[in-house]
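A.B. asks:
Numbering (the UniProt record's numbering), first residue to last: 1 to 292.
(1) Return yes when the C-beta of residue 241 is under 7 Å from any heavy atom of the ligand MG, and no when it is not.
(2) Which partner residues of residue 149 appear in the DSSP bridge assignment?
(3) Taking only runs of the alpha helix (DSSP H) that begin and end inside the region 213-287, which ones reach a length of at least 4 residues, in chain order?
(4) Roughly how many angstroms separate the alpha carbons of residue 277 and residue 181, rounded to a whole number?
(5) How is residue 18 classed by DSSP in three states: helix, strand or coil?
(6) Compare the Cα-Cα distances from residue 293 to each of 177, 190, 201, 235 and report the closest residue.
(7) Could you please give the first and the last residue of the uninterrupted beta strand (DSSP E) stretch that includes residue 68?
(8) What residues in its chain sit with their C-beta under 7 Å from that of residue 55, if we drop five residues either side in the sequence?
(9) Under the three-state reduction of DSSP, which class applies to residue 180: helix, strand or coil?
(10) How about residue 70 and residue 138: do their beta carbons lie closer than 8 Å?
(11) Quick one: grab the DSSP three-state call for residue 64.
(12) On the DSSP bridge assignment, give the partners of residue 124 in chain order.
(13) Distance, Cα to Cα, residue 95 vs residue 133?
(14) Would the beta-carbon of residue 179 fall within 8 Å of that of residue 282?
(15) Kindly indicate which three-state DSSP category residue 43 falls into: helix, strand or coil?
(16) How many angstroms separate the CA atom of residue 148 from the CA atom of residue 61?
(17) If you draw a straight line from the alpha carbon of residue 241 to that of residue 18, how long is it in whole angstroms?
(18) In whole angstroms, what separates the C-alpha of residue 143 from that of residue 150?
(19) Is the beta carbon of residue 57 sitting closer than 8 Å to the one on residue 32?
(20) If we define contact as Cβ-Cβ less than 8 Å, is residue 102 a contact residue for chain B?
(21) To the nearest angstrom, how far is the alpha carbon of residue 186 from that of residue 46?
(22) Look at the alpha carbon of residue 235 and the alpha carbon of residue 164, and state the distance between them as a whole number of angstroms.
(23) Can you tell which of 97, 111, 159, 116 has its C-alpha closest to the C-alpha of residue 145?
(24) How many Å lie between residue 169 and residue 83 at the Cα?
(25) Rounded to the nearest angstrom, how far is the Cβ of residue 34 from that of residue 79, given a contact under 8 Å?
(26) At the level of alpha carbons, what is the spacing between residue 275 and residue 66?
(27) In angstroms, rounded to a whole number, what distance separates the CA positions of residue 257 and residue 285?
(28) Give me, in chain order, the residues of the same chain whose beta-carbon lies closer than 6 Å to that of residue 223; leave out the 5 immediate sequence neighbours on both sides.
(29) Comparing alpha-carbon positions, which option in 201, 140, 225, 162 lies nearest residue 188?
(30) Can you look up residue 77 in the DSSP assignment and give me helix, strand or coil?
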């Protein structure tokens, strides 16, 4: 029996806390009741992530008494737990942004130590570890075997960034036209809810990682809809490569514009007009190329 808590523990990464919060919000929207069952695979598909972060988010919710694992089944205990209690601390979010942006601008080396980052940022040990765990979860940071961390560079030049978008222009609109493309109504509803939440949320600099990751999950969910694992792997790789640039470039106007464009793609899919959805995806990506 896991140790029960009332508040999230500091060891839970911001990424997993965000996912746990989003699962709670989705349960509320569905009117979930104690005793209802959850599917791990269904949640992974719904939120456009692999099963690994879903398992971590459910483990956190279990420690909070929200769900209980019973063999292969997950049972809801407390769907009314306040999702706001899972929000990532502002200090951690600011650190995620600072580390990502300084690495992108070349002000941090590829290999760093926690001591060096604490001296540079003045951050507490707990906040820095949470920020590094978050960057690890999204593929920007990896632990070195012996000591310290390695920070990804993403794109080595502006030419590489543009080439990445040209590749995505060839790939992502075409994925929407694949014969096997399919998204369930529940999954599209969850994707719509995520984008509408981005428009409703008051803009704060600390929320940039959440906005970016919501957008990346949207593109991955559409790739998963085509059912082609090579397309899915390519989109996952592109999400990782553009993460540093995404955090660097994102602002209120671009975040809201992207969310509205995502909703336009969903509108077309819900009408069954996949050619229109592909056209809107193409326009969305072309608009992103020009953003610097």
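Ideal Cβ placement from N, Cα and C applies to all residues, glycine included.
Just so it is clear, the structure is predicted and the values come from calculations on it, not from any experiment.
C.D. replies: Looking at the atomic coordinates:
(1) With respect to small molecules bound, the structure shown includes none, and the ligand MG cannot be examined in it.
(2) 112, 143
(3) 229-241, 243-249, 252-270
(4) For residue 277 and residue 181, the distance between alpha carbons rounds to 12 Å.
(5) helix
(6) The requested residue 293 is not part of the displayed model; the chain covers only 1 to 292.
(7) 67-70
(8) 40
(9) coil
(10) Not closer than 8 Å, so no.
(11) coil
(12) BP columns for residue 124 are empty, so no partner.
(13) 11 Å
(14) no
(15) helix
(16) Rounded to the nearest angstrom, the two C-alpha atoms are 30 Å apart.
(17) Rounded to the nearest angstrom, the two C-alpha atoms are 21 Å apart.
(18) 6 Å
(19) It is not a contact, given that the beta carbons lie outside the stated cut-off.
(20) Considering every chain present, this structure includes no chain B. It has just one protein chain.
(21) Across the structure, residue 186 and residue 46 are spaced so that their CA atoms are roughly 7 Å apart.
(22) So the alpha carbons of these two residues sit roughly 10 Å apart.
(23) 111
(24) Rounded to whole angstroms, residue 169 to residue 83 spans 36 Å at the Cα level.
(25) In this structure residue 34 touches residue 79 by the C-beta definition: roughly 7 Å separates them, less than 8 Å.
(26) 42 Å
(27) 12 Å
(28) Cβ neighbours of residue 223 beyond the five flanking positions: 175, 231, 232, 235.
(29) Ranking the options by Cα distance to residue 188, first place goes to 225.
(30) Three-state result, residue 77: coil.
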